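A.B. asks:
Numbering (my numbering), first residue to last: 5 to 85.
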């Protein structure tokens with residue numbers, strides 16, 4: 005994973021801590037929000053050269069195209085990012 009993997013884990017750990025400390029989501033939802041941010045950051049790394057908004061739109065289209073994805077999951081991903 006290397007240095008970039010360590011940075012990713014640090015960012016995600018800090019995000020999880022932020023969610024807990026600010027009580028921004030139910031405790032049972034927090035791991036899923038962290039997972040969505042992880043997926044987005046990895047997606048963004050693989051799709052360099054786009055603006056944040058473009059990358060988010062592309063990510064949500066990709067998530068929405070997954071078999072079995074429910075509308076609430078797309079909304080949860082949007083809210084997490």
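Even glycine gets a Cβ: it sits at the ideal position worked out from N, Cα and C. None of these values were measured; they are calculated from a predicted model.
Quick one: grab the DSSP three-state call for residue 70.
C.D. replies: The count along the chain shown starts at 1 and reaches residue 70 at position 66. In the structure shown, residue 70 sits in coil (DSSP, three-state: anything other than H, G, I, E or B).
A.B. asks: Just verifying my parser: in three-state terms, what is the DSSP assignment at residue 55?
C.D. replies: As a position in the chain shown, residue 55 is number 51, starting the count at 1. Three-state DSSP puts residue 55 in coil, outside helix and strand.
A.B. asks: Under 8 Å between the Cβ atoms of residue 85 and residue 40?
C.D. replies: As a first step, residue 85 must be located in the chain shown, where it is residue number 81. As a first step, residue 40 must be located in the chain shown, where it is residue number 36. In contact: residue 85 and residue 40 (Cβ atoms closer than 8 Å).
A.B. asks: Can you list, in chain order, the residues of its chain whose CB lies under 8 Å from that of residue 31, leaving out five sequence neighbours each side?
C.D. replies: Residue numbering aside, residue 31 sits at position 27 when the chain shown is read from its first letter. 24, listed in sequence order.
A.B. asks: Label residue 28 either buried or exposed according to how many other C-beta atoms from any shown protein chain fall within 10 Å of its C-beta, with 16 as the threshold for buried.
C.D. replies: Taking the first residue of the chain shown as 1, we reach residue 28 at position 24. Burial call: exposed.
A.B. asks: By the three-class DSSP mapping on this structure, what secondary structure does residue 20 have?
C.D. replies: Numbered from 1 along the chain shown, position 16 holds the residue referred to as residue 20. Helix, per DSSP.
A.B. asks: Using 10 angstroms around the beta-carbon of residue 46, count the other beta-carbons present and answer buried if the total reaches 16, otherwise exposed.
C.D. replies: Here residue 46 is taken as the residue at index 42 of the chain shown, counted from 1. That one is exposed.
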